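Colleague: Let me give you the structure first, and then I'll get to my questions.
Residue numbers (the UniProt record's numbering): 1 to 253.
Here it is, written out as structure tokens:
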């Protein structure tokens with residue numbers, strides 16, 4: 001398992017899609033607070049680095065959804081198309097270990113990518129504007145740990161969720177297309193389902209799809225640490241179990 005994890009990590013570190021996406025996020029995170037400053041200097045807007053962080057976390061939802069969809073297509077699904085998964089299984093590695101190692105590395109990559117825009121944006125914004133005071137009763141360290149830690153967990157959870165599409169479809173184009181469509185319409189889907197099945201509203205309220213919209217709001221501050229950790233972690237575990245079940249029964253071409 002350790003060898004498989006190292007091999008998958010090596011492939012991720014040499015994946016052009018991952019690096020191009022990371023460089024884009026880095027450039028956007030540097031440019032955003034600078035452009036915002038020239039549009040409205042701090043002495044006029046009263047903005048601080050933590051305000052930039054909140055803005056970055058708001059936009060990060062879309063970067064994350066787009067990023068994991070594209071990376072899932074090229075890092076996960078393409079491995080089926082080019083025969084890599086079949087060769088790994090044929091070499092004697094168990095199916096569970098093969099798919100689990102790939103998904104764990106993909107989740108880690110998704111978590112790292114999810115942090116680039118808010119962390120760099122906050123750093124540059126703090127240099128320009130100053131850090132500012134944490135909202136509510138939290139200290140600055142507690143606020144950053146809560147928001148950025150939750151962002152990383154949500155990145156990993158979205159990575160695991162995308163892994164289900166990639167494992168089931170085994171085609172880059174289909175994975176990217178379905179992931180895009182699902183992530184950008186899932187809120188409306190839950191609203192529609194809740195109209196006919198009221199319990200779906202509760203499911204949505206405790207889902208990663210709503211939590212990613214709360215990570216930069218006061219709702220996250222009021223939320224219990226247990227819930228903050230449990231929702232993305234349990235989602236990721238369920239998705240991993242589904243991926244393993246699909247892969248174990250799937251004919252590998």
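From the three backbone atoms N, C-alpha and C, an ideal C-beta is built for every residue, glycine too. Small disclaimer: the values here were computed from a predicted structure and weren't measured.
Which residue comes first and which comes last in the alpha helix (DSSP H) that contains residue 117?
Modeller: The residue given as residue 117 occupies position 117 in the chain shown. 95-129 is the span of the alpha helix (DSSP H), which, as asked, contains residue 117.
Colleague: Give me, in chain order, the residues of the same chain whose beta-carbon lies closer than 8 Å to that of residue 133; leave out the 5 immediate sequence neighbours on both sides.
Modeller: Residue 133 sits at position 133 when you count from the first residue of the chain shown. Closer than 8 Å at Cβ, skipping near neighbours: 48, 50 and 140.
Colleague: By alpha-carbon positions, which one of 165, 127 and 160 ends up nearest to residue 231?
Modeller: As a position in the chain shown, residue 231 is number 231, starting the count at 1. Ranking the options by Cα distance to residue 231, first place goes to 160.
Colleague: Is the beta carbon of residue 26 less than 7 Å from the beta carbon of residue 120?
Modeller: On the chain shown, position 26 is the one that residue 26 refers to. On the chain shown, position 120 is the one that residue 120 refers to. Yes, the Cβ-Cβ distance between residue 26 and residue 120 is below 7 Å.
Colleague: Should residue 90 be labelled buried (16 or more other beta-carbon atoms within 10 Å of its own) or exposed?
Modeller: Within the chain shown, the letter at position 90 stands for residue 90. Residue 90 is exposed by the Cβ-count criterion.
Colleague: Would the beta-carbon of residue 77 fall within 7 Å of that of residue 17?
Modeller: Along the chain shown, read from residue 1 onward, the residue named residue 77 stands at position 77. Along the chain shown, read from residue 1 onward, the residue named residue 17 stands at position 17. No; because the gap between Cβ atoms is not below 7 Å, this pair is not in contact.
Colleague: Using only the alpha-carbon positions, how far apart do residue 182 and residue 176 sit?
Modeller: As a working mapping, residue 182 is identified with position 182 in the chain shown. As a working mapping, residue 176 is identified with position 176 in the chain shown. Approximately 10 Å, taken between the alpha carbons.
Colleague: According to DSSP, simplified to helix, strand and coil, what is residue 251?
Modeller: Here the question's residue 251 lines up with position 251 in the chain shown. Correct three-state label for residue 251: coil.
Colleague: By DSSP, does residue 264 sit in helix, in strand, or in coil?
Modeller: Nothing can be reported for residue 264, as the shown portion of the chain is limited to 1 through 253.
Colleague: Thinking just about the alpha-carbon of each residue, which of 250, 219 and 203 is nearest to the one in residue 235?
Modeller: Counting from one through the chain shown, the residue named residue 235 turns up at place 235. Nearest C-alpha to residue 235: 203.
Colleague: Any idea if residue 164 is buried or exposed, counting beta-carbon neighbours within 10 angstroms, 16 or more meaning buried?
Modeller: For the purposes of this step, residue 164 is taken as residue 164 along the chain shown, with counting starting at 1. Counting Cβ neighbours within 10 Å, residue 164 comes out buried, since at least 16 surround it.
Colleague: What three-state label does DSSP hand residue 137 in the structure shown?
Modeller: Position 137 of the chain shown, counting from 1, holds the residue named residue 137. If DSSP states are grouped into helix, strand and coil, residue 137 belongs with coil.
Colleague: On the criterion of 16 or more Cβ atoms from any shown chain inside 10 Å, does residue 192 qualify as buried, or is it exposed?
Modeller: Locating residue 192 in the chain shown gives position 192, where the first residue counts as 1. Classification of residue 192: exposed, given that the 10 Å Cβ count is below 16.
Colleague: From residue 39 to residue 206, what does the alpha carbon distance come to, in whole angstroms?
Modeller: To locate residue 39, count along the chain shown from 1; it is residue 39. To locate residue 206, count along the chain shown from 1; it is residue 206. So the alpha carbons of these two residues sit roughly 38 Å apart.
Colleague: Along the chain, where does the alpha helix (DSSP H) that runs through residue 215 open and close?
Modeller: Counting from 1 along the chain shown, the entry for residue 215 is found at position 215. Residue 215 -> no alpha helix (DSSP H), and no H or E assigned at all.
Colleague: Pull up the CB-CB distance for residue 166 and residue 73, whole angstroms please, since I reckon it's below 8 Å.
Modeller: Here residue 166 is taken as the residue at index 166 of the chain shown, counted from 1. Here residue 73 is taken as the residue at index 73 of the chain shown, counted from 1. The Cβ separation is near 7 Å, so the contact holds.
Colleague: Check each candidate in 224, 85 and 233 and name the one with the smallest Cα separation from residue 250.
Modeller: Here residue 250 corresponds to residue number 250 of the chain shown, with the count starting at 1. The shortest C-alpha separation from residue 250 is found at 85.
Colleague: List the endpoints of the continuous alpha helix (DSSP H) containing residue 51.
Modeller: In the chain shown, the residue the question calls residue 51 occupies position 51. Here the alpha helix (DSSP H) through residue 51 covers 49-71.
Colleague: Taking the straight line between their C-alpha atoms, what separation do you get for residue 188 and residue 196?
Modeller: Here the question's residue 188 lines up with position 188 in the chain shown. Here the question's residue 196 lines up with position 196 in the chain shown. Their Cα atoms are separated by approximately 13 Å.
Colleague: In three-state terms, what does DSSP make of residue 2?
Modeller: For this step, residue 2 is matched to residue 2 along the chain shown. The answer is helix: DSSP assigns residue 2 an H, G or I state.
Colleague: Quick one, which of 22, 28 and 223 has its alpha-carbon nearest residue 138's?
Modeller: Numbered from its first residue, the chain shown carries residue 138 at position 138. Of 22, 28 and 223, the residue nearest in Cα terms is 223.
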